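In the order they appear, the protein sequences are chains U and C.
Each residue of the first sequence is one higher than the one before, counting from 1 in the working numbering.
Each residue of the second sequence is one higher than the one before, counting from 1001 in the working numbering.
C-beta atoms are modelled at their ideal positions from N, C-alpha and C, and glycine is treated no differently.
Bear in mind the structure is a predicted one, so any value in this text is a computation, not a measurement.
Protein chains: 2
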Amino acid sequence: MVRASARRPARPREEVFATAMAAIARHGLAGVTMAALGRELGMSGGHLLYYFGSKDQLLLETLRWSESQLGERRRELLTGDAPATERLRAFAALYLPTGPGDPRWTLWVEVWGRSQASEEIRAGQVEIEAVWREDLVTLLHEGVASGEFRAVEPERFAVRLGALLDGFGTPIVVGLPGAGPEVALGHVEDYLYEALLAR
Amino acid sequence: MVRASARRPARPREEVFATAMAAIARHGLAGVTMAALGRELGMSGGHLLYYFGSKDQLLLETLRWSESQLGERRRELLTGDAPATERLRAFAALYLPTGPGDPRWTLWVEVWGRSQASEEIRAGQVEIEAVWREDLVTLLHEGVASGEFRAVEPERFAVRLGALLDGFGTPIVVGLPGAGPEVALGHVEDYLYEALLAR
DNA sequence: CGGCGCTTCGAATGCTGTTCAAACCGCCGA
DNA sequence: TCGGCGGTTTGAACAGCATTCGAAGCGCCG
Chain U
1 MVRASARRPA RPREEVFATA MAAIARHGLA GVTMAALGRE LGMSGGHLLY YFGSKDQLLL
61 ETLRWSESQL GERRRELLTG DAPATERLRA FAALYLPTGP GDPRWTLWVE VWGRSQASEE
121 IRAGQVEIEA VWREDLVTLL HEGVASGEFR AVEPERFAVR LGALLDGFGT PIVVGLPGAG
181 PEVALGHVED YLYEALLAR
Chain C
1001 MVRASARRPA RPREEVFATA MAAIARHGLA GVTMAALGRE LGMSGGHLLY YFGSKDQLLL
1061 ETLRWSESQL GERRRELLTG DAPATERLRA FAALYLPTGP GDPRWTLWVE VWGRSQASEE
1121 IRAGQVEIEA VWREDLVTLL HEGVASGEFR AVEPERFAVR LGALLDGFGT PIVVGLPGAG
1181 PEVALGHVED YLYEALLAR
C-alpha cells in the first residue's frame, strides 16, 4: 500500500528508555500502551516492538538502562575516601527509593511482578542486582579489613542488608502509609550501627 | 434467547478462592483468564465478575481469604506457652514462603504489582498486613516484658523485622537462585539472636 | 399467581499486544 | 547507473481477553 504517513527514523535508544521510564512511573506498565508510547516518541508501536521484541523486554531493557545510569554515581561514592561507614550509608540512601512513585523502583516492582513467570526476566534481574551486590561486598570487605566494621562475613551480610533494603523499598515506592525513605534509612542506619559498629 | 446451557449455581466462595489461588500460583494472574477459571469452577466468566467486580478484586479477595486461613495457625502458635523466642521463630517460619511458587506469596507478589496503581488494593493490603503486624507487636511486648528479649521498641522492631521478612520472601517465591526458606530463616534467626537475645 | 430482585449465561464491546505484509531507503557490487 | 538485498518503518489485521450487558431463569413474597 502507498505509505501515507512519513517515515520517521527511530529515536535514540536513550530517549526511548527515558520516555518509557517516565510513562511507566506515571501509569504503571499496564497503563502504558505501545501505541501511546510510540506516539510520545514519534514512532509506531510496531516499530518499538521491532526493536524490543515485546513489552516485557522493553521493561527489562529500560530497567537495565536505568540501573546503568546509577552505576556511575554508585561507583563515585563507593570509591571515595570517606570512611566506609559513610560510604555504606550513602550506598543505602542511593539504593532506597526517593519516595512514592520513584521511577527506578517502579520498574523494579513491575519486573518483580513478572519475574516468576519468566526465566528471561529472572535472569535479567539477577544480572542487574549482581552489580549492586558486588559493590556492597567490596565495601564491606574494606570496612572489615580496616577494622571499621566488625568481622562480619561480607557475602552473608550483603544478602541480609539487601533483603532489608528491598523490604523497606517496596512499600515506599508503592506509597504505603508510614513508609518513606527517611523512616527506612533511619532503620537501616540503626541496623548498620548495631550490626557493624557497636561493640 | 432460549438458554441452551443449563444454569448452574455459583460454587461456594471457599472453592472459588481455592481454585483461583491454585490457578494464580500455577500461571500467574495474567495467565489466568476469567473464562478459564470459570470453566474450572463450572461457572461462566461473567458470573465470576458479577460477584467479584473485576479480576483485580478477585485477586484481592483471594488474598484476603488466603491470609484468613493462616490466621488460625498464627494465633495458635503465638498464644502457645512456648518461650517467646520459639514463638517468634515460628512466626517468621510461618510468614516466609515455603519455596518457589508458594501460592500465598504469589498472591502477594501480584498484589504488590498492582498496589501502586490502585488505592483500593493498597488499602486492602494494608488491612491484611496489619493483622500480622499486630500479632508480632504483641509477641514482642511479651518477650520484652518477660525479660526474654532486650528492651526493644516493639512497634519499631516489628517494622524492621517485617521489612526483612518481605525482603527475603520475594526472591524465594519468585525462584531467584540462592534464595530459599532455609537460607532466609537462617538469616532471620541470626538477626533475631543478635537484636533481641545477645547481650 | 404475578411481580420483583437476584442469579446465571455468554455474546458483544472495546481494547491492546503482537504479527506481518508492504512500502521505503541506503548501500553495495556488477 | 541500476538492481538486489537487507534493514527500517508503518499501521492494520489478528488473536485474545477483561468487562459490560441484555436476556432468560428462578425463588420468594404479598
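DSSP, reduced to helix, strand and coil, places C/Phe-1149 outside both helices and strands of the structure shown, so it counts as coil. Residue contact check for U/Val-174 against chain C: a CB pair falls below 7 Å. Under the 7 Å criterion on CB atoms, C/His-1141 is classed as non-interfacial with respect to chain U. When C-beta atoms of the region 1116-1131 of chain C are compared with those of the region 148-155 of chain U, fewer than three pairs fall below 8 Å, so the two segments do not count as touching. Rounded to the nearest angstrom, the Cβ distance from U/Leu-60 to U/Ile-121 is 6 Å, consistent with a contact under 8 Å. Contact between the region 6-24 of chain U and the region 85-96 of chain U is absent: fewer than three C-beta pairs spanning the two stretches fall below 8 Å. For U/Pro-171 and U/Gly-180, the gap between their C-alpha atoms comes out near 8 Å. For C/Ala-1010, there is no enclosing alpha helix (DSSP H), as DSSP marks it with neither H nor E. C/Leu-1161 is positioned such that its CB atom lies no closer than 7 Å to that of U/Gly-167.
Rounded to the nearest angstrom, the Cβ distance from C/Ala-1158 to C/Val-1173 is 22 Å, too far for a contact under 8 Å.
Taking a 10 Å sphere around the C-beta of C/Pro-1083, we find fewer than 16 other C-beta atoms and assign the residue as exposed. Pairing C/Ala-1030 with C/Thr-1062, the inter-Cα distance amounts to about 15 Å.
At least one CB of chain U lies nearer than 7 Å to the CB of C/Arg-1160. Check the Cα spacing between C/Leu-1041 and each of C/Gln-1057, C/Gly-1053, C/Ser-1054 and C/Ala-1023: the tightest is with C/Ala-1023.
Counted as a single uninterrupted DSSP element, the stretch harbouring C/Asp-1102 is not any alpha helix (DSSP H), since DSSP gives it neither H nor E. Using beta-carbon distances, U/Phe-168 counts as an interface residue toward chain C, with a partner under 7 Å. Assignment of U/Met-34 by DSSP, reduced to helix, strand and coil, places it in the helix class. Counting only runs of 4+ residues, the alpha helix (DSSP H) found wholly inside the region 123-174 of chain U occupies 154-174, in chain order. One Cα belongs to C/Asp-1135, the other to C/Leu-1078, and the distance between them is close to 8 Å. At a C-beta separation below 8 Å, U/Leu-165 has these neighbours in chain C: Gly-1167. Distance from U/Glu-194 to C/Ala-1195 at the Cβ level is roughly 7 Å; contact confirmed, criterion being Cβ atoms closer than 8 Å.
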